[in-house]
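This is the structure in structure tokens:
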């Protein structure tokens, strides 16, 4: 890629990639093959081979898919910082941010699509639309997102188009807000279920997307830096860490408001009791996974100085945010279904169709493999993009990025 | 729908048109043949609401509905469930993955201890959430208020199962065998109570209604809610009845009395 004076940085494909690169590439390919094998098994025998049933109709594949789709829009953060919010020092990282966003979306959608009862009818989904359905709208939001980000990448990487980068970046940013609003609304529009039926889910999903997306970006950036021997600057890492703190806090705020409003409405008390107190695995996942590991511990790691080296703390907190994110998706999607529909308030209810009882769900291996297959696709797309096309600047140190020197922020301590 | 080109013999076509034209006509003919099963199903879906006028299509003048009297519904009796399973070719299994189009619910008021029994199935809402959320339009409502799934365009996303307040939809988890010709089902698609549309269109009663009547309970009254002269409309107008989850304002076609 030619030198671009206006952007003051040079994007270079990875050269002389270490053996680890090919090992990871091979591992991800095997994971993808296993995922596709699981799909074949599921489609051949039906969803009976999964843990899903008529009470928990969306299972582990949806946990993976929604996490990836939500993280996709958040992965665009760094690019938006540069193009929309004028933090030009992030500009050299914008291409990686864009390609990661596309990869995450493709991985998530692949899982979602291959879990359909009839994935062979994809063409039906593309030709029959019910525009009142947020799912149908999402088909446009998702494909539009890919289109806008590709256009945005093009304006960044093609010198003659550079002047359009701010405009393309703005459209991509606005579109990612719409996209995550749409993803949150998949649940928000389910009026009959206690766990959903809340407009708060749209902003909540936007807030957690910022956090998940940045966490994934940090991991990818650190791996890419290591694999290409392009050392990262402390200033850059401190900025990313500070952003992560803000995003974790924003996500936590919406989770707090969501539960507080539910606790205010008497009709939701049973549901809150289920998630917060006596929901078994869902309660454990909420407190231990989502709150302690996914929220509090990363905040402590990022804010408390003196707990070991900064890089390790940032890497660990990003990993914890991702782990907590999966827990949050599990509680939201599966916990939300496990708490049964309330048809007769004030009555004890029983039937042959599991009315009045907490639905049981045991995730199966094919579901897990399908989900991991989606993660593998993300990894493969990013690795191949870095290797073949070059989405990474040739230098990542602070001087090259015009990054301000490390300030005495708590995160940078 | 007509497929005139089906009647042309290959010889005639070959003489009168180029080879390319022949291929086009043949392909269109094949498409017509392949489409035929689908056309048949659409015809069934659009069949007349009353007997004797099979080509009229479902009429919006009619609103098919049921009034279920839980005082007459006997606890422990599952005749309606059995009849539904037999009529629609369901296995009758009660595993978490089995389809149940109708189920008996036993309810006990916590405050008073009063117990009651009632059947629960698709409530055939006038404003069905399942139809709102379906991305392809496979979930649809006929003009006469019966809510159905078009098995040809259902992609198996299960969003309707998530959206239904009544847990009335089931997803087919396994290959289906011994299907009834009037009731198409398919692995990987969603299904639910059709109000026995294939019987209603022939002027007959839904299977559960007949079974309940045969058992001597007569707890389910079926009829046209729009016709003020019908028994169901008179009863709904004269006696208290309610919709389950009436807070959602879905205007259900199935009403309950006695609860």
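Residue numbers (this note's numbering), protein chains in the order written: chain A, 1 to 413; chain B, 1001 to 1259.
Cβ coordinates follow ideal geometry from the N, Cα and C atoms, glycine included.
Quantities reported herein were computed from a predicted structural model and do not represent experimental measurements.
*Contact set between residue 133/A and chain B, taken where Cβ atoms lie within less than 7 angstroms*: 1132, 1133, 1134 and 1135
*List the residues of chain B that residue 212/A touches, going by C-beta distances under 8 angstroms, in chain order.*
Per Cβ cutoff of 8 angstroms: no residues; residue 212/A is ~22 angstroms from chain B at best.
_Cross-strand partners of residue 1091/B (DSSP beta bridge)_ = DSSP output for residue 1091/B lists no bridge partner at all.
*Return the Cβ separation of residue 204/A and residue 184/A in integer angstroms, given the expectation that the two are a contact with Cβ distance under 8 angstroms.*
6 angstroms
*Using a Cβ-Cβ cut-off of less than 8 angstroms, list which residues of the stretch 357 to 382 of chain A approach chain B; keep chain order.*
359 and 360
*Which of the residues in the stretch 177 to 202 of chain A, read from start to end, lie with their CB under 9 angstroms from any CB of chain B?*
186, 187, 189, 190, 191, 192, 193 and 196
*Give the DSSP bridge partners of residue 348/A, in chain order.*
1108/B
*So, is the C-beta of residue 1155/B closer than 8 angstroms to a C-beta in chain A?*
yes
*Buried or exposed: residue 1051/B, going by 16 or more other Cβ atoms within 10 Å of its Cβ?*
Only weak support is given to the placement of residue 1051/B: the predicted model assigns it a pLDDT of 44, under 50, and the value that follows is read from those uncertain coordinates. Exposed, because fewer than 16 other Cβ atoms sit within 10 Å of the Cβ of residue 1051/B.
*According to a CB-to-CB cut-off of less than 7 angstroms, which residues of the stretch 339 to 359 of chain A neighbour chain B?*
341, 343, 344, 346, 347, 348, 349, 350, 351, 352, 353, 354 and 355
*In chain order, what residues of the same chain have a beta carbon less than 6 angstroms from the beta carbon of residue 1138/B, not counting five sequence neighbours either side?*
1149, 1150, 1153 and 1154
_Using the Cβ count rule (16 or more neighbours within 10 Å means buried), how would you classify residue 1254/B?_
buried
*is_contact[residue 1094/B, chain A] using C-beta, thresh 8 angstroms*: yes
*asked:* Whole angstroms are fine: how far does the CA of residue 1132/B sit from the CA of residue 20/A?
replied: Spanning the alpha carbons of residue 20/A and residue 1132/B requires a straight line of approximately 49 angstroms.
*Give the DSSP-derived three-state secondary structure of residue 1183/B in the structure shown.*
coil
*asked:* Taking a contact to mean a Cβ-Cβ separation below 8 angstroms, would you say residue 1169/B touches residue 1157/B in this structure?
replied: no
*Burial state of residue 1256/B, where buried means 16 or more other Cβ atoms lie within 10 Å*: buried
*Which residues in the same chain have their Cβ closer than 7 angstroms to the Cβ of residue 258/A, if we skip the five residues on either side of it in sequence?*
198, 200 and 204
_For residue 55/A, would you say it is in contact with chain B, using Cβ-to-Cβ distances shorter than 8 angstroms as the test?_
yes
_Taking a contact to mean a Cβ-Cβ separation below 8 angstroms, would you say residue 377/A touches residue 107/A in this structure?_
In this structure, residue 377/A lies near residue 107/A, with their beta-carbon atoms less than 8 angstroms apart.
_Inter-residue Cα distance where the pair is residue 442/A and residue 70/A_ = Here chain A comprises residues numbered 1 to 413, so residue 442/A is not present and cannot be evaluated.
*residue 116/A CB to nearest chain B CB: under 8 angstroms?*
yes
_Spatial distance of residue 1174/B from residue 394/A (CA atoms)_ = Going by the C-alpha atoms only, they are around 53 angstroms apart.
*Simplified DSSP state of residue 1103/B, which is helix, strand or coil*: strand
_Contacts of residue 58/A in chain B (Cβ-Cβ under 8 angstroms)_ = 1158 and 1162
*Does the pairing of the stretch 255 to 272 of chain A with the stretch 120 to 136 of chain A give three or more beta-carbon distances under 8 angstroms?*
no
*In terms of DSSP beta bridges, what is residue 1065/B paired with?*
1223/B
*Quick one: Cα of residue 1087/B to Cα of residue 1207/B, how far?*
If you take the alpha carbons of residue 1087/B and residue 1207/B, they lie about 7 angstroms apart.
*Do residue 1252/B and residue 1080/B have their C-beta atoms closer together than 8 angstroms?*
no
*residue 1256/B versus chain A: which residues are under 9 angstroms apart at the beta carbon?*
At a C-beta separation below 9 angstroms, residue 1256/B has no neighbours in chain A, since its nearest C-beta there lies roughly 10 angstroms away.
*Since residue 1141/B is in the beta strand (DSSP E), which residue starts that stretch and which ends it?*
Where residue 1141/B is concerned, the enclosing beta strand (DSSP E) stretches over 1139 to 1141.
*Return the chain-ordered ranges of every beta strand (DSSP E) run that is complete within the stretch 1183 to 1258 of chain B and spans a minimum of 3 residues.*
Entirely contained in the stretch 1183 to 1258 of chain B, the beta strand (DSSP E) runs reaching 3 residues are, in chain order, 1190 to 1192, 1220 to 1224 and 1254 to 1257.
*residue 221/A versus residue 373/A: straight-line alpha-carbon distance, rounded*: 21 angstroms
*First and last residue of the uninterrupted beta strand (DSSP E) at residue 1169/B*: Run containing residue 1169/B: 1169 to 1171, per the beta strand (DSSP E) assignment.
*the stretch 1209 to 1216 of chain B in contact with the stretch 1170 to 1189 of chain B per 3-pair CB rule at 8 angstroms*: no
*Simplified DSSP state of residue 1119/B, which is helix, strand or coil*: DSSP places residue 1119/B in the strand class (E or B) of the three-state scheme.
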